[in-house]
Amino acid sequence: MSLIHIMYNEPVEFYAYYGFSNHKKDSAKYVMSPDDVNIFLNNLEDDGELFLITNTLQSLWQRENGTLLLTAFPSINDFIDITTKLNNVPIELMDIVKQWKEDGACEVNIDFAQNMSLI
Numbered sequence: 006m007s008l009i010h011i012m013y014n015e016p017v018e019f020y021a022y023y024g025f026s027n028h029k030k031d032s033a034k035y036v037m038s039p040d041d042v043n044i045f046l047n048n049l050e051d052d053g054e055l056f057l058i059t060n061t062l063q064s065l066w067q068r069e070n071g072t073l074l075l076t077a078f079p080s081i082n083d084f085i086d087i088t089t090k091l092n093n094v095p096i097e098l099m100d101i102v103k104q105w106k107e108d109g110a111c112e113v114n115i116d117f118a119q120n121m122s123l124i
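All residue numbers in the sequence shown are consecutive under our numbering, ending with 124.
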């Protein structure tokens, strides 16, 4: 899968993954607006860091309403290292990701709505 398969006009959900044996299902999530998603992806691309998303992008889940998702799951350390160098990453996202790391998260899961018109 690649970024051409995501819906750019849909919000994107970020949440922590703590590993199979210690998954905290009730941890907070961050929802990024479509406008901020486009800025975020453009910043990653401009800095040559888009692999943060594309290296792990897979079709793994769907929402309860049936919306198919494409999920990227970079390590939390890679996510923090790369996004702290970018401009315009929402402070609220950075704060919550740092809290997830303190709580023991190992990955940041990023759910994009899948563009079904390309399948």
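Positions of the beta carbon are idealized from the N, C-alpha and C atoms, including for glycine. From a predicted model like this one, the values you see are computed outputs, not experimental measurements.
Item to check | Rounded distance between the beta-carbons of residue 62 and residue 74, thought under 8 Å | outcome: Rounded to the nearest angstrom, the Cβ distance from residue 74 to residue 62 is 10 Å, too far for a contact under 8 Å.
Next on the checklist: Quick check: what's the CA-CA separation for residue 86 versus residue 122?
Outcome noted: C-alpha separation (whole angstroms): 34 Å.
Next on the checklist: For residue 105, count the other beta carbons within 10 Å of its own beta carbon; 16 or more makes it buried, fewer makes it exposed. Which is it?
Outcome noted: Looking at its Cβ environment, which holds 16 or more other Cβ atoms inside 10 Å, residue 105 is buried.
Checklist entry - Alpha carbon to alpha carbon, how far is residue 45 from residue 58? => result Their backbone Cα atoms lie some 11 Å apart in a straight line.
Checklist entry - Does the count of Cβ pairs from the segment 88-101 and the segment 9-17 closer than 8 Å reach three? => result Touching, no, given that fewer than three Cβ pairs across the two stretches are closer than 8 Å.
Checklist entry - For residue 67, does the count of other Cβ atoms within 10 angstroms reach 16, so buried, or fall short, so exposed? => result A residue is called buried once 16 or more other Cβ atoms fall within 10 Å of its Cβ, and residue 67, having fewer, is exposed.
Item to check | Endpoints, the alpha helix (DSSP H) within which residue 47 is located | outcome: Counting along the chain, the alpha helix (DSSP H) containing residue 47 begins and ends at 39-51.
Checklist entry - Got a sec, what are the start and stop residues for the alpha helix (DSSP H) residue 61 sits in? => result Here residue 61 belongs to no alpha helix (DSSP H), and DSSP marks it neither H nor E.
Item to check | Sequence-distant residues of the same chain with beta carbon closer than 6 Å to residue 116, five excluded per side | outcome: Around residue 116: 18, 74, 76.
Checklist entry - Residue ranges of each alpha helix (DSSP H) run of no fewer than 4 residues wholly in the segment 72-104, ordered along the chain? => result Qualifying alpha helix (DSSP H) stretches, in chain order: 81-88.
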